[in-house]
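Heads up: the sequence shown is residues 1335 to 1715, going by the numbering used here. Virtual Cβ for every residue (Gly too), placed ideally from N, Cα, C. In what follows, a single structure is set out as structure tokens and then discussed.
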Amino acid sequence: MKKWGKFEVRLIKNIAIVIILLLLLSLGIAAPWAFIGVNIFIVGLFLRWAYLKRNTSFKKYGWVMTAGILLTFIIGLSTMEAPEQETEKPKVENQAKELAEKKAKEKAEKEKKEEEAKKAEEAKKAEEQRVADEKAAQEAAEKEKQEALIKQKEELAKSLNLELVTIGRVVDGDTVETTDGRKIRLIGVNTPESTTKIEEYGKEASNYTSSKLTNKEVWVQKDVSETDRYGRLLRVVWLDIPTNDMDESEIRAKMFNADLVLNGYAEPSTYNPDVKYSEMFMKFAREARNSNKGLWAISDEGTTKGDLDTTKAASTTSSGSTSSSSSNNTTTAQTPATSSATESYQNCTELRKVYPDGVPSTHPAYDSKHDRDKDNYACER
């Protein structure tokens, strides 16, 4: 094997030195602080060159070159990590910033939602309060209206002489008793008897009155008389307060006395001086009779005594015929006839025009038909 000469060895050493120098320069470029080691290496090269030229006797130039190489690598590698760290630091900072921004955004969104929820709740409460206030205002207005109506009714009732009572029980069709124990006889009407004696349609009339009045508040009105001879209050019964107690439509709709007559549960029965509604009751009774309502379906005369009865008219005609036939007799025969003659009245209204307090059974004008309570006294108050 051929040995290398001095020239080849020197060439190889120089090439190695150039390669090392280039490597060191690249490290210095990447990490400027590494040029310190590069400079030391160059100093070592200079010392080598000087030694080879015999300009110096310093033989340890190799150590200087080695120190420069090591220092270049140490400084270069150490300073190259710093940029990476510096590059990583902004990244971490950016991540932290992004995380902080994300948290801030989430917090802002949460606060926004909470604020919206709070506003919605406040709006809901405000709406509920508004509705409650409006309802309270309406209730107050309605209460005020009702109080005004009640006051108006009270004033109207006072002007019409009406008294508010509660019906505790019904005695029969035309007699009731209040919860405080007062008995009331409905004036101007007469229903068939259903207690001491039974007349046709009496139970129906009593049941009808019970269904309409028992435990009900009604308004009662006096005509002229306060009580009858049995101590019963004589009254008109109103189911509601009329605005005009002489208005026919209101009488039909609100007066219970009229209701009994209109539906055929009672006949009109007038006793002076309580004649305020007698003409209307007569009118209503004719309507009921023409329609065959209630007791009028049983008989054209009804089933009890009343102002529309025609029996007395027939009696009057009969008496007239008897008087005519007696005119042919002697004067002495006529006298007893005159003394025993009877007076005939169609109803108590007509009789009271002549005898305001009624008549006893011994009176010529007495007729059992007018003696409703069978006490031998007809048409008494």
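Nearest Cα to Asp-1608 within the set Glu-1635, Cys-1682, Ser-1544: Cys-1682. Contact check for Glu-1677 against Ala-1699 passes: the beta carbons are separated by less than 8 Å. Straight-line spacing of the CA atoms in Thr-1500 and Glu-1511 works out to 9 Å.
By the 16-neighbour rule on beta-carbons within 10 angstroms, Lys-1639 is buried.
Take the alpha-carbon of Phe-1590 and the one of Phe-1615: they are about 11 Å apart. When DSSP states are grouped into helix, strand and coil, Pro-1576 belongs to the coil group. Counting along the chain, Asp-1593 sits inside the alpha helix (DSSP H) bounded by residues 1590 to 1596. With the rule of 3 Cβ pairs closer than 8 Å, the segment 1545 to 1564 does not count as touching the segment 1625 to 1632.
Arg-1623 and Tyr-1679 have their C-alpha atoms spaced approximately 22 Å apart. Setting aside the 5 residues that flank it on each side, Lys-1546 is surrounded in the same chain by Phe-1590, each with a C-beta closer than 7 Å to its C-beta; the list follows chain order. Gly-1339 and Val-1352 have their alpha carbons spaced roughly 20 Å apart.
Each residue's CA atom was taken as its position, placing Glu-1582 and Lys-1588 some 10 Å apart. When secondary structure is reduced to three states using DSSP, Ile-1351 falls in the helix class. Per DSSP, the continuous beta strand (DSSP E) segment holding Leu-1520 begins and ends at 1517 to 1520. Ranked by Cα distance from Asp-1574, the options Glu-1473, Leu-1494, Lys-1446 are led by Leu-1494. Judged by DSSP in its simplified three-state form, Ala-1712 adopts strand. Thr-1696 carries a coil assignment under DSSP once its states are collapsed to helix, strand and coil. With respect to Thr-1525, Tyr-1599 sits close: the two C-beta atoms are nearer than 8 Å.
Beta-carbon to beta-carbon, Thr-1406 and Leu-1356 are separated by about 12 Å, too far to satisfy the 8 Å threshold.
Under the three-pair Cβ rule at 8 Å, the segment 1369 to 1378 counts as touching the segment 1394 to 1413. If you check the CB distance, Tyr-1535 and Thr-1637 come in under 8 Å. Judged by DSSP secondary structure, Leu-1685 falls within the alpha helix (DSSP H) whose first and last residues are 1682 to 1688.
Sequence-distant Cβ neighbours of Arg-1382 in its own chain, meaning closer than 6 Å and more than five residues away, are Tyr-1395.
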